[in-house]
Amino acid sequence: MMDVTFTQLTEWLGILWWPFVRFSGFFLVAPVFGDSKVPLMTKVLLALCFSLLCAGMVTNVPSFNPFSLQAVLFGLYQFSFGLIFGLAVQMFITIFTLAGQALSMQMGLSMAMMNDPNSGSSVAITGQIFSLTAMLLFLSMDGHLIVLDVFVDSFTLWPMNQPYPFESIKHLISLFSWMFSSALIISIPAIITMLLSNVTFGFMSRIAPSLNVFVLGFPMTMFLGLFALLISIYGIGDIFFNLLTELHEHLNIMLRMS
């Protein structure tokens, strides 16, 4: 009969527990996996399955002692690392939501809101359309597999015994500018189209004052907005692929800065 000491048991538990904590933080906020419609137990089971698969990659892990303050702090480190990684991926989907909201404001549909089940807040209808389109493209292009592959590499690029990745947090903050600029690039054709239509109606009101621009302008603005929305969605595939490539690069940079 093999004798197992308490020290050996805590070491074995650490090999399984610390990857589980890191995966839990990731699955809590990442797109698709972190959706509010996904049951919490499913997220826990996913984290457990992936921690079992990655147990062989984990080296130099501290033993798991639930009664020590060091174990609690180390667990917070691993959990926050997963959160940082998941938030970076979530920003990618938010790009398309922001682009849709910008288009909605230009179309005069800023009051047409619907509840977003992911965030629990109200989102413009066009923003929800863009978000759902991005989510479908994310799944069809195996974006979830790409992200998981990079996250699994984190156990090699950022081992458990590494210090806290403050540089990765700085890079995550810099991704906000990438998120807003990318959303503007997606929505800029529609914004220019709506701006030109407003300028045209302004000239019409000066040339023909008797013309009721408000009666004519609102339906025309809606029509042009829907046309711009159609064009934006039609060409979103190439933009999505380029942004997915940029996301992959940013995630690798974050891991190498850790």
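The opening position of the sequence shown corresponds to residue 1 in UniProt numbering, with each subsequent residue numbered one higher.
For each residue, glycine too, the CB sits at the ideal point set by N, CA and C.
### Task
Measure the alpha-carbon distance for D238 versus T245 and round it to whole angstroms.
Spanning the two alpha carbons is a distance of roughly 11 Å.
### Query
Using CA coordinates, which residue listed in S205, F166 and T200 is at the minimum distance from R256?
Just measuring C-alpha positions, the residue of S205, F166 and T200 sitting nearest R256 is F166.
### Message
Does F176 pass the burial test, meaning 16 or more other C-beta atoms within 10 Å, or should it be called exposed?
### Response
Exposed, by the Cβ-count rule.
### Other residues of its chain near T97: CB distance less than 7 Å, five sequence neighbours each side excluded
The residues are V123, G127, F130 and S131.
### Query
With a Cβ-Cβ cutoff of 8 Å, do L139 and V32 count as a contact?
Between L139 and V32, the CB-CB gap stays under 8 Å.
### Residue burial classification, A228 (beta-carbon count within 10 angstroms, cutoff 16)
Classification for A228: buried.
#### Entry: Distance between V21 and M1 (C-alpha atoms, nearest Å)
Low confidence applies here, because M1 scores a pLDDT of 47, under 50, leaving its location unreliable; read the following figure in that light. The straight-line gap from Cα to Cα measures roughly 32 Å.
### Task
Just list the beta strand (DSSP E) runs in the region 222 to 247, keeping only unbroken ones of 3 residues or longer that don't cross its boundaries, in chain order.
Runs found: none.
### Task
Measure the CB-CB distance between L87 and L172 and report whether it falls below 8 Å.
The beta carbons of L87 and L172 sit closer together than 8 Å.
### Of the residues P163, W12 and V215, the one placed nearest S80, counting alpha carbons only
Between S80 and the set P163, W12 and V215, the nearest pair of CA atoms involves P163.
### Message
I'd like the span of the alpha helix (DSSP H) that includes D149, first residue to last.
### Response
That run of the alpha helix (DSSP H) goes G143 to L157.
### Message
Rounded to whole angstroms, what is the Cα-Cα separation between I186 and I231?
### Response
The straight-line gap from Cα to Cα measures roughly 11 Å.
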